[in-house]
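What follows is a single structure, written as structure tokens, with notes after it.
Protein chains in written order, with the numbering used here: chain A, 1152 to 1509; chain B, 1152 to 1509; chain C, 1152 to 1509; chain D, 1152 to 1509.
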């Protein structure tokens, strides 16, 4: 495959294959790409159980009343299928994502993945489009390794993306030195069927396997740099406790931070409100106007009220107060299957296309 | 009223008046005192709206299928009624509790109160029976001030009690220097009607008015001492974020602590497992065998599974891990209307009776 | 006020006052009227507590992240305010709606009301725009009585509207003779604060005051006619049991019907699928393309998946099976605060404007 | 095995094997048999995944803080294990229950089963102990067929048991002619993991596979008789709609009935309040004092408040009103995993022991 450019208005859209199309995040991919100006879903890939069925038959569609009609009749392909779409978005489960994504990248596909397998790869960008687009430099190294024009760009865990959006402007302006975070995560973060009802009716589960480690390692990689041919993680610790609460969508996080430079609350709020990145400069189709929204009400953000801010593409911050132990504390909320997953991949794909990386 | 002693087996029980009897905590008082070996509910006090009605008619009974038959027919008295019961337990709302409790104490009643009004009083014990029974020394000062045999002993906010039970043995053994806590609190903590359904179906509210301040001030008072005629609060800071989650009963808290003395995880667990107080030594009727329970499973404690441990009278701890920023982190859960409210007052009353303070 | 016509594209919109603007349905009015081609919210009325405040300060906004900016700054007026807007939509609570609406109608305002007070009035249309637009004939009588160009058109209870949409085509085609219905109603039907969380976490409440009677009387009035200067209710009985379940929005109803003419399942489905009314013929701005949607899946309709079908303006039917006792049974779902309340009033207002009744 | 008698007080208890021990109902069996005067759990059987593990390791214990200590260490046996316990209680899933139960019955075990496989068997009692203990006559036929002292007694589906308890006294006194029922069923009815959280947070699912058919066929068998060597089902139709709601435990049912004999509401209530069966006459250990409880409050029964009435062994009835189409309507609630499952089997086993059928 050769280089790919933004299609002209009215021109033919770029084909996209969705890996893991029947899952909760796969459904969001399909929903968010409906009517996209640049991309069109052309291929669907899922596990053996679904192969050969029409998508409408294979998927237990959850995210809206109806499957977009263009997609409902597409046949589901298997994990080993050869694909035609140049762009591939992936929300495969981690037990299969690693190999499938590697093969497709070697075959020349541009992969934008939610799967965790390649996130910590030595030449694989772990990218939040507003935060570390410069990590795309690693693609040269990666393409050389793969011997292909294809590549893999990952985005982080949903909890990490929600957190790193407000941390990034603080880190740039004041230097983050330590973060203690407790998350209250939504059921959709575990996919479908995911968490049994008997675990979440009148209950909280104070543990999510692997999640706390990801918050530490992914935050450090995202807020670090690419220097001398390798990623240099940001050196500060993140201490996380991750819990599951009876909410459909939207992860809430209670955060305390220590900053290198002393800063006032107004300065923090200004850093958030003024935060802009390449997606905003390029006016990308899925870019939120503000990637960080600050709410003044004392009881916000709340998942039910705030998760759809900026069409689900923003982190919503509130309750900024001094922390008597570290420096500041606040609450942040993000839509875990939009900004925290499918929307993040799509925004990365848009950025890659607009920046000419494809 | 003169001094009161533990009634002999089969002897006449000590009369108890319940203030705020129709509320969520008032109902727990009535439920927990059913069949109590020493105490019997004889009088019920509630707001004007209920006065003169039979209790069964006035209360929207929530905590079990039926109101205990001895209580169902009792008439509800008003806030200004003169009472006959020597012992008074109170869960009045704070807009009226202050004056009513003060008046009754002056009239000679022994008050055990959940209301927040007198908790920080200069001569009022804020007591968790296993933690700071020595604060009863303040009663001499208080009785002198009141000119009465009556007194007020308060217990803390539900979130604080849940937290202070596992903090106390750590503080004694290793010295607590700092605490960062995020709570996930149950709906019953706001009473009835309390939190609207539209705020808690598929939602979390990351704010509870006044709660964060109470966690700081009450923890310090409880873990401090009474010296030279006044309370000396423990000097460490508590940084709290309090949230409301869709759970009926049981507050979950994610806690990070810094300790003065270095300690291993096994030492912390041993401190919790060996923790005993006067209620256990005296084998009080409502005393849990263990006031702190440690669960080994990685996904515990959970409100639905663990809140009724020790009949709702224990704090249940789990997930002890090193905190890379402070020293240790863990999750603790307590039943907010039992150990965190009505049960705490009753245990204080039992302690007072057994120790001869009445 | 004189007769009002549909404003030309780009022309000045017709001013609307929202009564009960801070409540759950009032918020839906404001949300649904944002960007409306014919109407613009100009005045807000609420109870004393809110009067004089800016709307953003008075309302606990629940239905989306932010209040529409044009409305956020409007001052809240009191129940006795004189209004300038010719069109008034009302979701006042029934303890005040009756008098306020009567006064405003006499003053010339065209009222479209959700309140129950005037629904059974002898000359007041109880109108579902697709079902009984011919009841508008009663406006002549009503206007004469009021001595004004103003009038009141009501829409039904949310549960009734959801039910009557699929009943209407069955009644026309086959004659409904009896209906037994059990509803599973959402929390928002009780407004805000409405149902306490302690009544709906891990619980169902099998009673909603007044609701069962309304289902009987309102269904009969809507499916009846206006003849000889009075309403003639449809003669069949409706036996209802109404319950409240832990759902935010969307009433689900389990329905059994007896029909006069024998009909096959396919004929019932055809009657639903072919059902069109004046809103569809006139292509009104808020008209659903299909007021009754039929789902083929065996486990639909579901509130979370189906309530937003047709932007919340349709009744969604599924699970049609023979009933061995009556004739047929099915499940129907409708969005209670959109089609069941605010959307129904707005659609009535659009119909009135398009038909020249204003 | 020879005949088994009630053990004397202090004598050795009768060993019980629990089939399907790790599931939601299996856990209830273990919980309810803790401290039982006649029976003791000695063997546990579950699917391959659990075989060889200690129970505490194999089960995800949900129903209380801790597994009874006598059971926690028992090894889990496989489906093909030979068992020593004379009494076997079963909550195996239906894909394996049929064969396993048949084999064990042939080997001489007395089986009390929740599984649906044998419920409609031509010589297998489908028994609710208060309702149709006379169906035990079929055991002669069954034992002859099996060539063994062993047998299978089943109890019904949880929804059916809840319904049949209040129907039985009405049928005896007045003759039931038709029943229309809509159920609102709890998540635990689907076992663990069972229903995904994403299907029940802010949602209702109006379909439960196979449930509606069971309500019809099982009710007819239970309320019919055993005559001339075969079961004669009661001839009336039951028209059911079964839905799943966000409740942990407790099925609520909205019921309309037609009766042969005209009866007043007071007569119905009297029939329920006076309803007694063999379990009450024999004062069996698990027998509720009243198998049907009538609540007078207009908003009861509710799952959270009423499911534990009579330790979960009663059907709780409320809201009796005339039905304008059939004759009467009411709401009934039962605990689906206690009276609707494990408790029903245990009560049948107690009855069998006390009546000398073992």
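For each residue, glycine too, the CB sits at the ideal point set by N, CA and C. Computed from a prediction, not measured in an experiment: that's the story for all the values here.
- The straight-line gap separating the alpha-carbon atoms of residue 1500 (chain A) and residue 1229 (chain A) is approximately 23 Å.
- Any Cβ of chain C closer than 8 Å to the Cβ of residue 1457 (chain A) would place that residue at the interface, and such an atom is present.
- In this structure, the CA atom of residue 1388 (chain B) is about 21 Å from the CA atom of residue 1423 (chain B).
- The beta carbon of residue 1324 (chain D) lies closer than 6 Å to those of 1422 in the same chain, with the five residues before and after it left out.
- In this structure, residue 1189 (chain C) keeps its C-beta atom at 8 Å or more from the C-beta atom of residue 1397 (chain C).
- Here the alpha carbons of residue 1447 (chain D) and residue 1166 (chain B) stand approximately 31 Å from one another.
- Listed by position along chain C, the residues whose Cβ is nearer than 7 Å to that of residue 1345 (chain B) are 1347, 1348 and 1349.
- DSSP places residue 1302 (chain D) within a strand segment (E or B) once states are collapsed to three.
- Sequence-distant Cβ neighbours of residue 1476 (chain C) in its own chain, meaning closer than 8 Å and more than five residues away, are 1407.
- The continuous stretches of beta strand (DSSP E) do not include residue 1489 (chain C), and DSSP gives it neither H nor E.
- Around the beta-carbon of residue 1456 (chain C), 16 or more other beta-carbon atoms lie within 10 Å, marking it buried.
- In this structure, residue 1181 (chain B) sits away from residue 1196 (chain B), with a CB-CB distance that is not shorter than 8 Å.
- Residue 1264 (chain D) is bridged by DSSP to D:1241 and D:1305.
- In this structure residue 1158 (chain B) is not in contact with residue 1347 (chain C), their Cβ atoms being roughly 38 Å apart against a cut-off of 8 Å.
- In terms of CA proximity to residue 1318 (chain A), A:1371 leads the group A:1371, A:1337 and A:1503.
- For residue 1161 (chain C), there is no enclosing beta strand (DSSP E), as DSSP gives it neither H nor E.
- Rounded to whole angstroms, the separation of the alpha carbons of residue 1351 (chain A) and residue 1286 (chain B) is 40 Å.
- Put simply, the CB of residue 1213 (chain A) is near chain C, with a gap under 8 Å to one of its CB atoms.
- The DSSP assignment places complete alpha helix (DSSP H) segments of no fewer than 4 residues inside the segment 1317-1395 of chain B at 1348-1351 and 1362-1374, in order along the chain.
- A distance of 8 Å or more separates the beta carbons of residue 1269 (chain D) and residue 1239 (chain D).
- Taking 7 Å as the cut-off between beta carbons, the residues of the segment 1315-1338 of chain D near chain C are 1329, 1331, 1333 and 1335, in sequence order.
- For residue 1405 (chain A), the three-state secondary structure derived from DSSP is strand.
- For residue 1397 (chain D), the chain A residues whose Cβ falls inside 8 Å of its Cβ are 1348 and 1352, in order along the chain.
- Chain order gives no chain D residues near residue 1158 (chain B), where near means a beta carbon separation below 8 Å; the closest approach is about 30 Å.
- Rounded to whole angstroms, the separation of the alpha carbons of residue 1490 (chain B) and residue 1484 (chain C) is 43 Å.
- Non-local beta-carbon contacts of residue 1242 (chain B) in its own chain, meaning distances under 6 Å to residues more than five positions away in sequence, involve 1171, 1174, 1176, 1177 and 1265 in chain order.
- Across the set C:1331, C:1288 and C:1215, the C-alpha of C:1331 shows the shortest separation from the C-alpha of residue 1409 (chain D).
- For residue 1432 (chain D), the secondary structure class from DSSP, reduced to helix, strand or coil, is helix.
- According to the DSSP assignment, residue 1480 (chain C) belongs to the beta strand (DSSP E) that extends over 1479-1485.
- Rounded to the nearest angstrom, the gap between the Cα atoms of residue 1376 (chain B) and residue 1452 (chain B) is 30 Å.
- Interface criterion met: the Cβ of residue 1470 (chain C) is under 8 Å from a Cβ in chain D.
- Taking 7 Å as the Cβ-Cβ cut-off, the segment 1381-1394 of chain C approaches chain D at 1388, 1390, 1392 and 1394, given in chain order.
- When C-beta distances to chain C are compared with 7 Å, the residues of the segment 1471-1502 of chain D below that value are 1474, 1475, 1476, 1480 and 1482, in chain order.
- Here DSSP, grouped into helix, strand and coil, assigns residue 1497 (chain C) to helix.
- Judged by their CB atoms, residue 1439 (chain A) and residue 1394 (chain A) are not nearer to each other than the 8 Å cut-off.
- Looking at the backbone, the Cα of residue 1204 (chain C) and that of residue 1219 (chain C) are separated by about 16 Å.
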